[in-house]
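Below: the structure, in structure tokens.
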Amino acid sequence: MSLVRRLTDGVPPRALWALGFLLAGLLVAPAVLGKYGLSILILILYFAYVGQAWNIMMGFAGQLSLGHALYAGLGGYVAAGLFFHYGIGPWAGVFAAVAAAAAAGAIVGYLGFRFSLAGVYFALLTIAFSEFTRLAFDHWPWAGGSGGLFLKVDATVDVWNLRGGPLLFYYLILALAVGAFILCRALLESRLGRYWLAIREDAEAAQAVGVPVLRSKMIAVVISAALTALAGVWNAFYYNNLFPETAFAMGRSIEITLAPIIGGLGTLFGPVVGAVVLTGLGEVFTDASEYFQIPGMKQIFYGLALLVIVMYRPAGVWPWLAERLGFGERRP
Amino acid sequence: MTADFALSLAQAVTKGLLTGMVYGLMALGLSVIFGVMRVVNFAHGEIMVVGMYLAWMAFEYLQITPMLSLPAIAALFFVLGYALQRTVISPFIGRPEHQQFLLLLAIAILLVNGCLAIAGPDSRSIQMESQFESYQLGALVFDAVRLHAALAAVAIAGLLWLFFTRTRIGKSIRAAADNNMGALVVGLDVRRLYAFTFGVGAACVGAAGALMITIIPVSPFLAAEYTLLAFVIVIVGGLGSMTGALMGGLLIGVSEAVAGLLIQPSLKSMVSFGLLILVLLLRPQGLFGKSST
């Protein structure tokens with residue numbers, strides 16, 4: 001069976017059509033949207049992409065990581081540092097960035113799984129590593145310390161060095177998001193994907209029937225970390241600055257987890273829908289809170305929205321929405 | 001080692017031990033809630049920060065010292081904790097961890113930004129006469145406020161111990177923690193016990209907040225840091241163990257103070273996180289916890 005047929009096997013035709021229209025819409029969107037609209041769309045795609053990466057670990061393999069800022073931060077710092085200090089362009093630096101994050105993922109994963117930490121304990125281990133790295137970067141002169149690392153802002157578009165305006169970064173993050181979506185679909189349909197779901201549902205039973213549990217979980221962490229590192233590189237070159245205080249922050253890790261949890265854990269559309277809902281709400285609340293002029297008002301709206309969603313749609317928005325829209329996605 | 005250095009080290013350890021007792025009380029609340037309900041309270045630091053603000057307001061507007069407002073704050077937090085558990089958290093017991101995490105994250109966001117909206121982003125501290133007093137024991141100097149806070153924390157922990165070992169409801173809570181099904185079978189109202197437990201945990205951390213404001217200024221941005229700190233302490237000490245939480249508090253208090261002296265104050269939490277990683281890997285039941293196997 002060809003790859004395309006394998007990936008689309010079992011998907012209702014109307015869902016495929018909808019996907020095609022969505023992609024076409026996203027491709028021409030910059031021509032229609034203004035600067036503001038484009039920046040919102042960029043945010044949505046960014047959260048959809050990192051959410052997809054995180055979802056591999058938690059949604060597919062069932063390993064709760066609350067320290068994904070570690071991989072994004074490492075990726076960003078390695079690529080930006082190589083560019084800043086040695087003039088090595090991001091297209092080369094990205095390999096080092098991905099390698100660094102994958103290695104970090106492998107270390108955290110191996111220690112956690114080898115010593116059989118699960119659930120909250122594993123999550124705390126990921127937080128601890130991320131916080132530890134944050135404090136180390138805070139005191140590391142090569143990375144600029146707590147003062148941060150800044151890339152020169154250049155108005156000329158230079159694709160080879162990832163210098164340019166929002167349009168360049170829009171198409172980059174769109175490519176990443178689409179690529180991650182297809183990769184996740186392929187992974188879910190593969191033997192490895194089945195292993196992950198078996199581990200997520202019942203690790204002991206999976207072990208008993210011969211699923212290579214440790215190896216499968218390791219692959220999940222490494223893929224997830226590597227993909228997250230790409231988002232980190234993109235982020236560093238889009239915003240042109242990096243601070244340990246934000247790059248490795250606990251808050252960064254948490255915002256990575258929100259879109260997939262809100263959207264629907266373990267589903268392909270969960271991170272996408274979650275990113276649309278959260279970014280949309282964020283923008284609406286920014287406007288609404290300007291009216292009140294009270295500090296923290298936006299976050300209070302945001303907290304209330306999260307509370308309502310988790311209380312009434314604990315399994316996420318997408319599974320419920322899919323049913324409403326009549327896309328009976330064959331959920332694994 | 002010079003005598004000067006030995007003295008400053010002893011001074012740092014003393015300071016760490018005293019702060020550590022307040023840390024221990026804060027962590028005790030987290031440990032009690034997890035030990036009984038298996039709910040991981042990701043809003044713990046936020047609840048404490050609310051306690052700190054209440055004590056600050058009582059002092060600023062009503063001239064009531066934190067030691068006097070503490071019982072009222074603890075009582076209020078008990079009621080709020082009880083109500084919160086009954087209305088919002090109860091359906092989430094036994095649910096997957098990420099759902100509990102999201103729920104408590106939402107509560108944390110509401111609490112910390114509520115503080116921000118009401119009290120503003122500036123850090124707030126209280127100025128009392130006793131902050132300039134100190135006791136002397138040989139060459140060692142004890143800050144009066146720190147010593148009082150530590151003694152109060154120990155006294156509250158003692159009360160909590162009496163509650164769990166001597167009262168009927170305290171014993172019932174421990175029974176429900178040990179064997180949920182058994183507790184249901186013998187006719188205990190487990191849902192009410194859980195609400196009671198969350199109330200007790202919230203009262204603990206509220207009291208810790210009232211003590212903490214006497215030694216550290218409060219700002220909304222401290223909250224997340226304290227949530228993490230509470231987790232570090234209970235994991236190092238042993239999640240679900242009361243002595244573990246207290247000893248963990250002392251250990252982290254001392255390690256922070258000594259790391260601040262020997263390395264750099266800004267690197268003090270690095271030692272705590274390093275300790276957390278080691279304990280998670282080598283002794284996940286905690287230094288003072290009993291192994292489950």
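Line by line, the protein sequences are chains A and B.
For the first sequence, position 129 matches number 129 in the working numbering, and the numbering has no gaps at all.
For the second sequence, position 31 matches number 31 in the working numbering, and the numbering has no gaps at all.
Backbone N, C-alpha and C define an ideal beta-carbon position, used for all residues, glycine too.
Checklist line | chain A contact residues for Ala224(B), given Cβ-Cβ distances below 8 Å | finding: Simply Met250 and Gly251.
Next item on the list: Figure out for me which residue from Leu187(A), Lys217(A), Leu176(A) and Tyr77(A) has the closest Cα to the Cα of Ser146(A).
Entry: The closest CA to that of Ser146(A), considering only Leu187(A), Lys217(A), Leu176(A) and Tyr77(A), is found on Tyr77(A).
Note to self: For Pro121(B) and Gly296(A), I'd like the C-alpha separation in whole angstroms.
What the structure shows: The straight-line gap from Cα to Cα measures roughly 9 Å.
Next item on the list: Consider the Cβ of Thr41(B): report whether some Cβ of chain A lies at a distance smaller than 7 Å.
Entry: A quick correction: the sequence has Asn, not Thr, at residue 41(B). No, Asn41(B) lies away from the interface with chain A (no Cβ there is under 7 Å from its Cβ).
Notebook entry, point to check: Less than 7 Å separating the beta-carbons of Ala69(A) and Phe243(A)?
Noted result: At a Cβ-Cβ threshold of 7 Å, Ala69(A) and Phe243(A) do not count as neighbours.
Check: Excluding five sequence neighbours on each side, which residues of the same chain lie with their C-beta closer than 6 Å to the C-beta of Ala229(A)?
Finding: Closer than 6 Å at the Cβ level, and outside the excluded window around Ala229(A), lie Tyr71, Gly75, Ala97, Val98 and Ala101.
Next item on the list: Output yes or no for whether 7 Å exceeds the beta carbon distance between Gln368(B) and Pro314(A).
Entry: Summary: the structure shown does not reach residue 368(B), with chain B confined to residues 1 through 293, and so no result is reported for it.
Note to self: In this structure, how does DSSP classify Asp4(B) when only helix, strand and coil are distinguished?
What the structure shows: Asp4(B): helix per DSSP, three-state reduction.
Notebook entry, point to check: Around the Cβ of Val94(A), are there at least 16 other Cβ atoms within 10 angstroms (buried) or fewer (exposed)?
Noted result: Looking at its Cβ environment, which holds 16 or more other Cβ atoms inside 10 Å, Val94(A) is buried.
Next item on the list: Below 8 Å between beta carbons is the criterion; list the residues of the region 257 to 279 of chain B that meet it against any residue of chain A, in chain order.
Entry: Against chain A - using a Cβ distance shorter than 8 Å - the residues of the region 257 to 279 of chain B are Gln264, Ser266, Leu267, Ser269, Met270, Phe273, Gly274, Leu276 and Ile277.
Check: Should Ile126(B) be flagged as near chain A, meaning a C-beta pair shorter than 7 Å?
Finding: Taking Cβ atoms only, chain A never reaches closer than 7 Å to Ile126(B), which makes this a no.
Note to self: Buried or exposed for Glu131(A), going by 16 or more other Cβ atoms inside 10 Å?
What the structure shows: Buried is the label assigned to Glu131(A), since at least 16 other Cβ atoms lie within 10 Å of its Cβ.
Next item on the list: Say whether chain B places a C-beta atom closer than 7 Å to the C-beta of Tyr121(A).
Entry: Residue contact with chain B for Tyr121(A): present (Cβ-Cβ distance below 7 Å to some residue of chain B).
Checklist line | Sub-7 Å separation of Gly249(B) and Gly24(B) beta-carbons | finding: Yes; because the gap between Cβ atoms is below 7 Å, this pair is in contact.
Next item on the list: Anything in the region 302 to 321 of chain A with a Cβ closer than 9 Å to a Cβ of chain B? List those residues in chain order, please.
Entry: Within the region 302 to 321 of chain A, contact with chain B at the beta-carbon level (separation under 9 Å) is assigned to Tyr302, Gly303, Leu304, Ala305, Leu306, Leu307, Val308, Ile309, Val310, Met311, Pro314 and Ala315.
Next item on the list: Would you check if there are 3 or more beta carbon pairs closer than 8 Å linking the region 138 to 151 of chain B to the region 13 to 27 of chain B?
Entry: The region 138 to 151 of chain B, when compared against the region 13 to 27 of chain B, does touch it at the 8 Å Cβ threshold.
Notebook entry, point to check: Can a CB atom of chain A be found closer than 7 Å to the CB of His148(B)?
Noted result: It does not; no Cβ of chain A falls within 7 Å.
Next item on the list: With DSSP collapsed to three states, give me the class of Ser134(B).
Entry: Note: Ser134(B) maps to strand in three-state DSSP.
Item checked: For Asn235(A), three-class secondary structure by DSSP -> Of the three classes helix, strand and coil, the one that applies to Asn235(A) here is helix, per DSSP.
Item checked: Cross-chain neighbours of Pro295(A) in chain B, by beta carbon under 7 Å -> Pro295(A) reaches chain B at Leu116, Ala117, Gly120 and Pro121, counting residues in chain order whose Cβ is nearer than 7 Å.
Next item on the list: Would you tell me roughly how many angstroms separate the C-alpha atoms of Leu110(B) and Gly253(B), rounded to the nearest one?
Entry: In a straight line, the C-alpha of Leu110(B) is about 29 Å away from that of Gly253(B).
Item checked: Assumed close pair Ile309(A), Ile262(A) - CB separation to whole angstroms, cut-off 8 Å -> About 6 Å separates the beta carbon of Ile309(A) from that of Ile262(A), a gap short enough to meet the 8 Å contact definition.
Next item on the list: Would you kindly check if the distance between the Cβ of Arg200(A) and the Cβ of Ala15(A) is under 7 Å?
Entry: For Ala15(A) and Arg200(A), no; Cβs fall outside 7 Å.
Notebook entry, point to check: Excluding sequence positions up to five away, which residues of its chain have a Cβ less than 6 Å from the Cβ of Tyr63(B)?
Noted result: It is Gln, not Tyr, that sits at residue 63(B) in the sequence shown. Excluding residues within five positions, none has a Cβ falling inside 6 Å.
Next item on the list: Take Leu287(B) as the anchor and find which of Leu251(B), Phe273(B), Lys268(B) and Gly238(B) has the nearest alpha-carbon.
Entry: Minimum Cα distance to Leu287(B) is reached at Gly238(B).
Checklist line | Residues bridged to Arg163(A) [DSSP beta-bridge criterion] | finding: Asp158(A), per the DSSP bridge assignment.
Notebook entry, point to check: Starting from Phe178(B) and walking both ways along the beta strand (DSSP E), at which residues does that stretch end?
Noted result: First, the amino acid is wrong: residue 178(B) is Asp here, not Phe. From DSSP, Asp178(B) is part of no beta strand (DSSP E) but of the alpha helix (DSSP H) over Arg168 to Asp178.
Item checked: Backbone secondary structure at Leu140(B) - three-state DSSP -> For Leu140(B), the three-state secondary structure derived from DSSP is strand.
Checklist line | heavy atom of the ligand FAD below 6 Å from Phe181(A) C-beta | finding: You won't find the ligand FAD in this model; it holds no ligand whatsoever.
Note to self: Which residues of the region 131 to 145 of chain A have a Cβ closer than 8 Å to any Cβ of chain B? Give them in chain order.
What the structure shows: Contacts with chain B (Cβ-Cβ distance below 8 Å) from the region 131 to 145 of chain A involve Glu131, Phe132, Leu135, Ala136, Asp138 and His139, listed in chain order.
Check: Going by other Cβ atoms of all chains shown within 10 Å of its Cβ, with 16 needed for buried, is Glu129(B) buried or exposed?
Finding: Exposed is the call here.
Next item on the list: Could you check which residue in Gly37(A), Asp9(A) and Leu45(A) has the C-alpha nearest to that of Leu23(A)?
Entry: Minimum Cα distance to Leu23(A) is reached at Leu45(A).
Next item on the list: Figure out for me which residue from Leu188(B), Leu9(B), Leu160(B) and Phe142(B) has the closest Cα to the Cα of Ala74(B).
Entry: When each option's Cα is compared against that of Ala74(B), the closest is Leu160(B).
Note to self: Considering just the uninterrupted stretch of the alpha helix (DSSP H) at Gly337(A), what are its terminal residues?
What the structure shows: With chain A covering 1 to 332 only, the question about residue 337(A) has no answer from this structure.
Notebook entry, point to check: Of all the residues that make up the region 46 to 74 of chain A, which are near chain B by a beta-carbon distance shorter than 8 Å?
Noted result: Residues of the region 46 to 74 of chain A with a C-beta atom less than 8 Å from some C-beta of chain B are Met58, Leu64 and Leu66, listed in chain order.
Margin query: If I measure Cβ to Cβ from Gly148(A) and keep anything under 7 Å in the same chain, skipping five residues before and after, which residues do I get?
Written below: Around Gly148(A): Asn241, Leu242 and Phe243.
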